[in-house]
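Residues in the sequence shown are numbered from 1 upward in steps of one, following full-length UniProt numbering. Scroll down for the structure; my scribbles are underneath it.
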Amino acid sequence: MSQSSAPLPAADGGGYDAHAVQTKWQQRWEAADPFRAGGPEDTRPRKYVLAMFPYPSGDLHMGHAENYLYSDIVARFWRHRGYNVLNPIGWDSFGLPAENAAIKRGADPREWTYANIEQQKAGFRQYGVSFDWNRVLHTSDPDYYRWNQWLFQKLYERGLAYRKASPVNWCPNDQTVLANEQVVDGHCERCGHEVVKKKLTQWYFKITDYADRLLDDLNQLEGFWPSKVLRMQRNWIGRSVGADIDFEIEGRAEKVTVFSTRPDTLHGATFMVVAPDSDLAAELAAGSTAEVRMRFQDYLERVQRETDIERQSTDRPKTGVFLDRFAINPVNGERLPIWAADYVLADYGHGAVMAVPAHDQRDLDFARAFDLPVKVVVDTTAPITGAIPVIELDENGDPIDPTLDDPSLDDLDPARTGIALTGEGRLINSGSLNGLSKRHAIARIVDELTAAGTGRAAKSYRLRDWLISRQRFWGTPIPMIHTEDGGIVPVPEEQLPLTLPDARGIDLTPKGSSPLGAASAWMQTEDPETGAAAQRDPDTMDTFVDSSWYFLRFLSPGDATQAFDPAQAARWAPVDFYIGGVEHAILHLLYARFITKALYDMGHLDFTEPFSSLINQGMVILNGAKMSKSKGNLVLFQEELDAHGADALRVALAFAGPVEDDKDWADVSTTGATKFLSRALRVAHDVSSDPDVIWAEGDPALRRVTHRLLADAPGLVEQTKFNVVVARLMELVNATRKAIDSGPGAADPAVREAAEATAMVLDLFAPHVAEEMWEVLGYDGFVGLVTWRQADPMLLVEDSVTTVVQIDGKVRATLEVSARIDAAELERLARADARIVKALGDREVVRAVVRPPKVVSFSTR
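So, in structure tokens, the structure goes:
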């Protein structure tokens, strides 16, 4: 071994120079590129490990430290198991923070973005993450977003990308539209500003066409994704089953379709409600009197200042405007007054509801506020089963009349009580449905509506189409052209990428319209079909488009001919292990699932789910609170690296608790981690036997500790019990230290075996120290590429175990017995034990359950 590659000397006092070890091995890794994924000639089985890629908002923070530690543990583990591992890194580099920073500084967002990327790259290298640095991508590079544009046009060709005018979520602060999923409790997910509704013409992806598949395919992910994420996605898609019912509107040729989950209550409809911000409400008001039109316009302006959360609140007074128009109930011909009311949303169902106030609380509250009729059509006091009633007797033995204490239907009249009857029961006042239970009544009414041509079975979803256009500069330009005659045509594929213009000279300040619209030279183009003057689309795409398919681009990041190579997708994808925060449970994960299914339908993929297994980590908090610059409670990643080194930071985080739990930095001990790493490295320095020593000749007790770790660690890692593996490593280091200091000594073969096993497993958590240990122990190459050794089954057999002896369920004694003892001998020893003899006394043992070698249980009388 040359002097330049010699192990670093152990520091005095048992410590070690963390930064010297770190620098040495980072230089080695950079020169050798050991973590590059093997090519087609590599015949090892494959694993694709991916952490959700970062946004370059500045230096790495403690959330990054945790997320990329966990992904690195998984990647390193599978390399040690003999797999060809793909573990790439990229940056989600378009978006509002870069643009807002550029506006604040009067700079080009590119400068801010790429400077931060370089800073984060350096941080990742310092942290020792085993990325394949040959597959780096940035979504703001034209050779990446060119394929966003290709994807957009492919979706457009299939009718999955379209443009329409509708009420949208508008952030007045960021001056851009937001998808429903980007509104949290009525506020902008990005900046926290209150969101308002605004009517705009926008581009959408038709994700609702995939609603059933997105919902039903979650069953494939049971046991592989966290149950919380599956539940959140199911709730967000929100499938409801019911019927579409067609209502005639007096004075209108076209019928209005209403979706209802309770079509059985159609006979109880007494009015109709339409969303005030819907096209239908505007049309109906326009056909009414001047007074109605004026009242409606005033009401609409007020509603447009409300959030969806406010509108759907159950504890606010009901408001509305009668439109002086009437619908006709298709089952009984009754005239139903039509109201515009804010508790109905334009994008729910068809923007109109049939109001059945007796059996819906919001409808009832509205009816009582405006003195509208309430008609009961479900008798909730009527039994819906054929069960035989239980006759109760009073103290004199006489039957108790159960109806004396039960309220009658008259007692429950919603018009009087203000409480809607929402329970089960039997239909009344409903013609052919009378006497039927809810389930049978729904089936009957759907059949009748279908036969009459006035309705049909239908589904409705909470999920809405994905609004993808944004009125900001720093994003993927939408590759469409607006012609003089009002048509829209795609930018010819050979002209892609349609790149952003130079930001210098463009006012990026949010104004409610895209800054690109003011870039007149860039906006001017020609109709590719006629050559006539035309305009580009001024909007850019939602950055969630960028991240919806990036895992595929990693498979062939430099390919200039296609978004990804289908052969590489078939070889590597879907992602085996995807690691990231639960905050992406709806937004990113839902969109990625949709795009994967669309690409599958196009024939580009042979799988329908992008991520086979999902790992969600908790947050790193401080003193019980989320870290925040404004609160002044930040723990800075770079400061911790400088103070303690990467390995101590990694070990401390891994040991802090289960992956999914929040970790309070106040309880994280980098000092303790440093002491442990120093002890581990000192063990390697103290080993005095040669690498070719025969381990079987070593101390059996230490060997058993080593082989228990080798046997248990794989299962623990696969269960993401990383903290337990660190604890077991500490146990092994302590046992080895004891063997060196007061046992068989440093020359014992078991000491070398234990030190080598420590280095192999420690590589998951502290790769720099692990590599240094491996070199100190006399090996060339990287321990990070070494296949873990198999545990010797003979060393896992315990010589003795503790048996618990119970009497009538209470532990009365414990026995140390041979691990191979049989049942008869174990029972004999238990009965002969003085503690058991005394506890039994004169009682007779009527049953003995013996499960050698762990338990003996006596039952007595």
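All C-beta atoms in this analysis are idealised placements derived from N, C-alpha and C, irrespective of residue type, glycine included. Since the structure is predicted, the reported quantities are computational estimates derived from the model, not experimental observations.
Residue 562 versus residue 602 - alpha carbon distance: For the purposes of this step, residue 562 is identified with residue 562 of the sequence shown, where counting begins at 1. For the purposes of this step, residue 602 is identified with residue 602 of the sequence shown, where counting begins at 1. In a straight line, the C-alpha of residue 562 is about 14 Å away from that of residue 602.
Buried versus exposed call for residue 663 [16 or more other C-beta atoms within 10 Å across all chains shown]: Here the question's residue 663 lines up with position 663 in the sequence shown. Answer is buried; the Cβ neighbour count reaches 16.
C-beta atoms of residue 537 and residue 480 nearer than 9 Å: Residue numbering aside, residue 537 sits at position 537 when the sequence shown is read from its first letter. Residue numbering aside, residue 480 sits at position 480 when the sequence shown is read from its first letter. Yes; because the gap between Cβ atoms is below 9 Å, this pair is in contact.
DSSP state of residue 522 mapped onto helix, strand, coil: Translated into positions along the sequence shown, residue 522 becomes position 522. In the structure shown, residue 522 sits in a helix (DSSP, three-state: H, G or I).
CA nearest to the CA of residue 776, picked from 694, 687, 269 and 728: As a position in the sequence shown, residue 776 is number 776, starting the count at 1. It is 687.
Contact the region 640 to 651 vs the region 27 to 47: 3+ CB pairs below 8 Å: no
C-alpha gap between residue 620 and residue 660, whole angstroms: Stepping through the sequence shown from its first residue, residue 620 is reached at position 620. Stepping through the sequence shown from its first residue, residue 660 is reached at position 660. Approximately 11 Å, taken between the alpha carbons.
Burial state of residue 471, where buried means 16 or more other Cβ atoms lie within 10 Å: Taking the first residue of the sequence shown as position 1, residue 471 is located at position 471. That one is buried.
Span separating the alpha-carbon of residue 784 from that of residue 771: Position 784 of the sequence shown, counting from 1, holds the residue named residue 784. Position 771 of the sequence shown, counting from 1, holds the residue named residue 771. Approximately 7 Å between the Cα atoms of the pair.
Cβ shell of residue 498 (< 7 Å), same chain only, five flanking positions each side left out: As a position in the sequence shown, residue 498 is number 498, starting the count at 1. Excluding positions up to five away in sequence, the list reads 149, 477, 479 and 491.
Cβ-based burial, residue 690 [other Cβ within 10 Å; buried from 16]: Translated into positions along the sequence shown, residue 690 becomes position 690. Exposed, because fewer than 16 other Cβ atoms sit within 10 Å of the Cβ of residue 690.
Inter-residue CB distance, residue 338 and residue 274 (contact presumed, cutoff 8 Å): The residue given as residue 338 occupies position 338 in the sequence shown. The residue given as residue 274 occupies position 274 in the sequence shown. Right, their Cβ atoms sit about 6 Å apart.
Exposed unless 16 or more other CB atoms sit within 10 angstroms - verdict on residue 516: Numbered from 1 along the sequence shown, position 516 holds the residue referred to as residue 516. With 16 or more other Cβ atoms within 10 Å, it is buried.
Beta-carbon proximity list for residue 251, same chain, < 8 Å, skipping 5 on both sides: Counting from 1 along the sequence shown, the entry for residue 251 is found at position 251. So the list reads 287 and 325, once near-sequence residues are dropped.
Integer-rounded CB distance, given that residue 117 should sit under 8 Å from residue 56: The residue you call residue 56 lines up with position 56 of the sequence shown. The residue you call residue 117 lines up with position 117 of the sequence shown. Right, their Cβ atoms sit about 5 Å apart.
Whole-number beta carbon distance between residue 214 and residue 230, since they are thought to touch under 8 Å: Here the question's residue 230 lines up with position 230 in the sequence shown. Here the question's residue 214 lines up with position 214 in the sequence shown. About 12 Å; that fails the 8 Å criterion.
Residue 773 - DSSP class collapsed to helix/strand/coil: Within the sequence shown, residue 773 is the residue found at index 773, counting from 1. Helix, per DSSP.
Separation of residue 376 from residue 268, as counted between CA atoms: If you number the sequence shown from 1, residue 268 lands on position 268. If you number the sequence shown from 1, residue 376 lands on position 376. Going from the Cα of residue 268 to the Cα of residue 376 covers about 6 Å.
9 Å Cβ cutoff met for residue 68 and residue 152: Reading the sequence shown from its first residue, position 68 is the one you call residue 68. Reading the sequence shown from its first residue, position 152 is the one you call residue 152. No, they are not a contact pair.
Nearest residue (CA-CA) to residue 808, options 861, 85 and 799: In the sequence shown, the residue the question calls residue 808 occupies position 808. The candidate whose alpha carbon is nearest that of residue 808 is 861.
Closest Cα partner of residue 800 within the set 814, 810, 790 and 806: Mapped onto the sequence shown, residue 800 falls at position 800. Residue 814 is the option with its Cα nearest to residue 800.
Validate contact between the region 234 to 252 and the region 189 to 206 using beta carbons, cut 8 Å, 3 pairs: no
Start and end residues, beta strand (DSSP E) containing residue 376: By 1-based counting over the sequence shown, the position of residue 376 is 376. No beta strand (DSSP E) contains residue 376, which DSSP labels as neither H nor E.
Among 167, 463, 557 and 615, nearest to residue 718 - alpha-carbon criterion: Along the sequence shown, read from residue 1 onward, the residue named residue 718 stands at position 718. Comparing Cα-Cα distances from residue 718 to each of 167, 463, 557 and 615, the minimum goes to 615.
Chain-order list of residues whose beta-carbon lies under 8 Å from that of residue 853 (same chain, five-residue window excluded): In the sequence shown, residue 853 corresponds to position 853, counting from 1. Taken in chain order, the residues that qualify are 801, 803, 817, 818, 819, 820, 821 and 826.
Euclidean distance between Cα positions of residue 658 and residue 829: The count along the sequence shown starts at 1 and reaches residue 658 at position 658. The count along the sequence shown starts at 1 and reaches residue 829 at position 829. Distance between the alpha carbons of residue 658 and residue 829 is about 41 Å.
Exposure label - residue 241; buried when at least 16 CB within 10 Å: Numbered from its first residue, the sequence shown carries residue 241 at position 241. Exposed: under 16 other Cβ atoms inside 10 Å.
Contiguous beta strand (DSSP E) assignments of at least 3 residues, all confined to the region 546 to 592: 577 to 581
Helix, strand or coil at residue 528 [DSSP, three-state]: The residue you call residue 528 lines up with position 528 of the sequence shown. Three-state result, residue 528: coil.
Residue of 845, 778 and 708 minimising C-alpha distance to residue 794: For the purposes of this step, residue 794 is identified with residue 794 of the sequence shown, where counting begins at 1. Here the closest residue by C-alpha is 708.
Residue 210: first and last residue of the uninterrupted beta strand (DSSP E) it sits in: As a working mapping, residue 210 is identified with position 210 in the sequence shown. Neither: residue 210 is in no beta strand (DSSP E) and is coded neither H nor E.
Beta bridge counterpart(s) of residue 188 as assigned by DSSP: Numbered from its first residue, the sequence shown carries residue 188 at position 188. DSSP lists 183 as partners of residue 188.
Nonlocal neighbours in the same chain, by C-beta distance under 8 Å from residue 379, ignoring five residues either side: Locating residue 379 in the sequence shown gives position 379, where the first residue counts as 1. Excluding residues within five positions, the ones whose Cβ falls inside 8 Å are 409, 425, 426, 427 and 428.
Length of the line joining the Cα atoms of residue 314 and residue 362: Looking up residue 314 in the sequence shown gives position 314. Looking up residue 362 in the sequence shown gives position 362. Using only the alpha carbons, I get a separation of about 7 Å.
Residue 389 to residue 264 span [Cα, whole Å]: For the purposes of this step, residue 389 is taken as residue 389 along the sequence shown, with counting starting at 1. For the purposes of this step, residue 264 is taken as residue 264 along the sequence shown, with counting starting at 1. Unreliable placement is indicated for residue 389, whose pLDDT of 44 sits below 50; no coordinate value is reported for it.
For residue 760 and residue 80, believed in contact at Cβ under 8 Å, the rounded distance: Against the sequence shown, residue 80 aligns to sequence position 80. Against the sequence shown, residue 760 aligns to sequence position 760. Between residue 760 and residue 80 the Cβ distance is about 7 Å, and since that is below 8 Å, they are a contact.
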